[in-house]
Every structure is written in structure tokens, then in C-alpha cells.
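Here the working numbering runs 8 ahead of the position in the first sequence, where the first position is 1.
Since the structure comes first, as C-alpha cells, the remarks are kept for the end.
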Amino acid sequence: MSNSKTLKRYYNKLLKTFGPQRWWPAGDGPFEVMVGAVLTQNTNWGNVEKAINNLKQAGKLSATAIHKMRQDQLAGLIRPSGYFNIKARRLKSLIKWFVDRFDGEIEKMFSRDLQSLREELLSVKGIGPETADSILLYAGNLPTFVVDAYTYRVLVRHRLIPEESTYHDMKSFFEESLPQDAAVYNEYHALLVRVGKTYCKPREPTCKDCPLYEFL
DNA sequence: TGCCAGGCCGGGT
DNA sequence: ACCCGGCATGGC
Numbered sequence: 009m010s011n012s013k014t015l016k017r018y019y020n021k022l023l024k025t026f027g028p029q030r031w032w033p034a035g036d037g038p039f040e041v042m043v044g045a046v047l048t049q050n051t052n053w054g055n056v057e058k059a060i061n062n063l064k065q066a067g068k069l070s071a072t073a074i075h076k077m078r079q080d081q082l083a084g085l086i087r088p089s090g091y092f093n094i095k096a097r098r099l100k101s102l103i104k105w106f107v108d109r110f111d112g113e114i115e116k117m118f119s120r121d122l123q124s125l126r127e128e129l130l131s132v133k134g135i136g137p138e139t140a141d142s143i144l145l146y147a148g149n150l151p152t153f154v155v156d157a158y159t160y161r162v163l164v165r166h167r168l169i170p171e172e173s174t175y176h177d178m179k180s181f182f183e184e185s186l187p188q189d190a191a192v193y194n195e196y197h198a199l200l201v202r203v204g205k206t207y208c209k210p211r212e213p214t215c216k217d218c219p220l221y222e223f224l
């Protein structure tokens, strides 16, 4: 069967099983999404929420506030998200770029086209492909597929891609098989994380109770 | 209690 | 061009 059909069946099955995941639904606002995208690097989302709450409580959840703040003070606030020193530096560099390049205005930033904006993001120290794509998709609602460790695990375990596949291989795999639709990419990624968390764990090479088992 | 979490960078081979 | 250690808290 074609990848396209398989991926569409995966999607329908996951959506029916878990329901919409409501990841970063505009309620929080695009700026908060950008911050969260950095803080969640290799980190549990629950810890990120604590860090974001700290920023909110301190009245520092804005581009200008973070831009002006000392790095070590920022590190103190985001402590619960782990890697707080490195993330403080990464956050500062992202916000500096955001302020210098777009005056800290979301609308200016997302008025650029997807590809050039993606390349610019990738040139910022501390912003890799997943963080860049998360910002573009979840903050900007631009149609770019987000790949992560769960995506890799699920695809490999279902033998849809070879183990040596790169980030770009997987991104293309989805984008070439699905309609170019930010809403679908948004929900699909969140659903992959959900099924991966529940059934596709690192040390247990079994998918027996996974809702996607029938596709194996 | 050890393992894992919505990565990325830099240095060594 | 890969491979690997470092970064760090909190939850189960």
C-alpha cells in the first residue's frame, strides 16, 4: 500500500483512539509557544510548564523582558525545565534574533515565507530542526511537519522507514504523503507523541497493545 | 531507584 | 562524515 494511504489510516486510527491532543492551541499565544519550544528540548512538558509559570509570575514572559534580563537570572526562573544554563543562553539568542530582526513582533516574523524563515531560525544557535519546525507550525501555523524521537521510533518500529533515516527523510516522508495542511501536521505530530509515550517505549520492543498494531 | 523526557552543540576520531 | 559526552530537573 502507498505511504500516503498508510499514513492517512494511521492518522484516522490515532485520532479515533486518542481524540484531538490540543497541542499549543492559540490560547497561550505564539510568543509563549516559541519559549516553550526551546524549553522542551529533551525535556518533559510538565517541567516546562513550571518554568513558564515562573516566567509569568515574574512578569518576564515577553520578548523585551527576556531580551533585557541577565542570562543567569533567566536561568534561575527556568530552572525546573532542566539544562537551565544552556536553555537560558538559547532563549536569549532566539529572542535577540526575534527583536533585532523583527522588532519582537510576531506578525512581522510570520509575514516571511516558510522556507526562508526556517533557514533563518536554523541559523540561530540552539535552534535545531525540531525546535524550528515546532515554532513554525505551532506558533506560526505554517505547514511544516515536526519530527521527533517518537516519530522516529514509531516509523522504524512499523518498518515504514529504514533505521538510518534522517530528520529530513522523515519530514519529507510525511509532507509528501499528506495534504499540505498545518492543522493536520499539528494534530498528527501530537498524536505520534501520544502513541509513542504510551506504547512505543525505548527499551520495550513490543507494540502488542498499540492501536497501530493491526498495521504491522 | 534508575530511567526517561516534545534536542542541540562541540570536540574527537 | 559520524559518534559521543555534556547539559539537569522532576516524575514514575
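Beta carbons: idealized from backbone N, C-alpha and C, even for Gly.
As the structure is a computational prediction, the values presented were derived from the model and not from experiment.
The count of Cβ pairs closer than 8 Å, one atom from the segment 94-106 and one from the segment 130-137, reaches three, so the stretches are in contact.
Non-local C-beta neighbours of Lys-68 in its own chain, meaning closer than 8 Å and more than five positions away in sequence, comprise Ile-74, Met-77, Leu-82 and Leu-85, ordered along the chain. Considering only Lys-13, Ser-70, Thr-72 and Val-41, the residue with the shortest C-alpha distance to Glu-57 is Val-41. Shortest Cα-Cα distance from Val-43 to any of Val-164, Ser-70 and Gln-29 involves Ser-70. Straight-line measurement puts the Cα of Glu-183 at about 7 Å from the Cα of Phe-153. Residues Ser-89, Gly-90 and Tyr-91 of the same chain have their beta carbon placed closer than 8 Å to that of Thr-51, with the five preceding and five following residues left out of the count. The three-state reading of DSSP puts Leu-125 in helix, counting H, G and I together. Rounded to the nearest angstrom, the gap between the Cα atoms of Leu-145 and Asn-93 is 26 Å. By the beta-carbon neighbour count (other beta carbons within 10 angstroms, threshold 16), Tyr-160 is buried.
In the three-state scheme derived from DSSP, where H, G and I count as helix and E and B as strand, His-176 is classed as helix. The three-state reading of DSSP puts Trp-105 in helix, counting H, G and I together.
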